[in-house]
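Numbering (the numbering used here), first residue to last: 967 to 1424.
Just so you know, even glycine gets a beta-carbon here, dropped at the ideal spot from N, CA and C.
Note that the structure is a prediction, hence the values are computed from the model and not measured.
These notes concern the structure reproduced below.
This is the structure:
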């Protein structure tokens, strides 16, 4: 990371892309990019994996351009990115980033999308991610309005592979102004499913009425799974995906999507060997895999077998998804009846991989309570709560290793960033940083919180 001037930062994120942002820890984007070296969403990592050179993409609500610039790097000279960002100040930063990276395949359009062409007032929030179209004249600016259909005609869009749609409540109007666009093209669309705390069910219905089936990302597998409006979303779920059948077929053939809700799950017959070969398990004083006489041991062993099958890249996306789902069901059943520390660690790991972030946090809290009450007995093999700890041997400090793995995962999952938790995180972060199993990200969080709050940090 390097400064461009006293008021600006130039931050390098994943893939070597450089982003120009305001030099302020009071703002969400500059804070998160310095904290994580990337945007916080699992979806951006998925999008980088599925996009291919030469593809054309659209970023609606580009903000400072984390998605725009990442996609431009992949699209290359034979692909193109059209980025819509109405706010003058934010668009100026994005234009600067385009220049810094020397991207000639990005068209930045300083306009908002809606259901008609004209002008509107854009309400300006301190954090530009929350800017929204409004009739208010206070703390706002006049912006141009256009529609997807008008833009399609103007820019001669034909083959669009991907659309990111994040317009702070304007998404339904954007669909109404893009009827022809969504009929004639067949992109994969990622859209914000929540406006505030409300689930945007009307938007899902609008997409489905246009022939677009809805999916959600399974972060542990990088697979899109079918989503139903009757399904209860995890409170942390921010984005969903949708596409027509032809795009779904292409993604499924590339192992990125499963069109069927659940296939038949498979168990990995070699799961015991795979688990015991993890670096973290080499020095653990555990012999049982698991105890046959332990209540629920058979189902627990099956759950682990399904987990490792889910990570077998030779299986179809549907089989991998079904196997992870079955692992989750069995672990929940076992832990409801016969919970111990190893089983709770495994359950929190599988829940996170399945996209149940908030549920995983609750399981980690249960595991920490058991640990602190003296329940450190490790009679069975298990999955570390944090994937990072798969490769970290506990050595002679097993208790500290276990505590650190739970604290770190709990801290990383309970909020998308320490920007949102602030000083409330300092206690556990400092405890982690002194554990001997700390990571650079934890150290960064401490430094950023202390810098943000100055002498008020405790």
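Query                                                                                                                                                                       : Result
Please name the residue in 980, 1197 and 1049 whose C-alpha comes closest to that of residue 1022.                                                                          : 1049
Whose C-alpha, out of 1191, 1185, 1186 and 1341, is nearest the C-alpha of residue 1179?                                                                                    : 1191
Please classify residue 979: does DSSP put it in a helix, a strand, or coil?                                                                                                : coil
Could you say which of 1399, 1047, 1277 and 1079 lies nearest to residue 1184 if we only look at CA atoms?                                                                  : 1277
Once the 5 residues before and after residue 1248 are set aside, which same chain residues still bring their CB inside 7 Å of it?                                           : 1359
Does chain D have any CB closer than 8 Å to the CB of residue 1260?                                                                                                         : Absence of chain D from the displayed structure is noted, only one protein chain being present.
So if DSSP puts residue 1189 in a beta bridge, which residue, or which two residues, is it bridged to?                                                                      : 1184
Going by DSSP, what residue range makes up the alpha helix (DSSP H) through residue 1108?                                                                                   : Residue 1108 -> not in any alpha helix (DSSP H); beta strand (DSSP E) instead, spanning 1106–1112.
Who are residue 1048's beta bridge partners in DSSP?                                                                                                                        : 1024 and 1073
Would you say the segment 1265–1277 touches the segment 1219–1227, given that touching needs at least three Cβ pairs under 8 Å?                                             : no
Taking 6 Å as the limit between beta carbons, can you name the residues of its chain near residue 1289, skipping five residues before and five after?                       : 1231, 1232, 1272, 1275 and 1276
State buried or exposed for residue 1015, treating a residue as buried only when at least 16 other CB atoms are found within 10 Å of its CB.                                : exposed
Would DSSP call residue 1158 helix, strand or coil?                                                                                                                         : strand
Give the straight-line distance between the Cα atoms of residue 1167 and residue 1132, rounded to the nearest whole angstrom.                                               : 15 Å
Return the chain-ordered list of same chain residues with a C-beta closer than 7 Å to the C-beta of residue 1329, the five sequence neighbours on each side being excluded. : 1310, 1313, 1314 and 1317
Where does residue 1395 fall in DSSP's three states?                                                                                                                        : helix
Could you tell me how far apart the beta carbons of residue 1419 and residue 1388 are, in whole angstroms, since I believe they sit closer than 8 Å?                        : 7 Å
Helix, strand or coil: which one does DSSP assign to residue 1053?                                                                                                          : coil
Taking the beta strand (DSSP E) that residue 1308 falls in, what are its first and last residues?                                                                           : That residue, residue 1308, is in no beta strand (DSSP E); its alpha helix (DSSP H) goes 1307–1319.
Alpha carbon to alpha carbon, how far is residue 1078 from residue 1114?                                                                                                    : 10 Å
When you compare each of 1244, 1055 and 1320 to residue 1291 by their alpha carbons, which one comes out closest?                                                           : 1320
Just how far apart, CA to CA, sit residue 1026 and residue 1306?                                                                                                            : 47 Å
Excluding sequence positions up to five away, which residues of its chain have a Cβ less than 6 Å from the Cβ of residue 1294?                                              : 1316 and 1320
Tell me whether the beta-carbon of residue 1205 lies closer than 8 Å to the beta-carbon of residue 1158.                                                                    : yes
Can you check whether the CB of residue 1076 is closer than 8 Å to the CB of residue 1051?                                                                                  : yes
Taking the C-alpha atoms as reference points, what is the distance between residue 1098 and residue 1345?                                                                   : 54 Å
Shortest alpha-carbon distance to residue 1414 belongs to which of 1003, 984 and 978?                                                                                       : 1003
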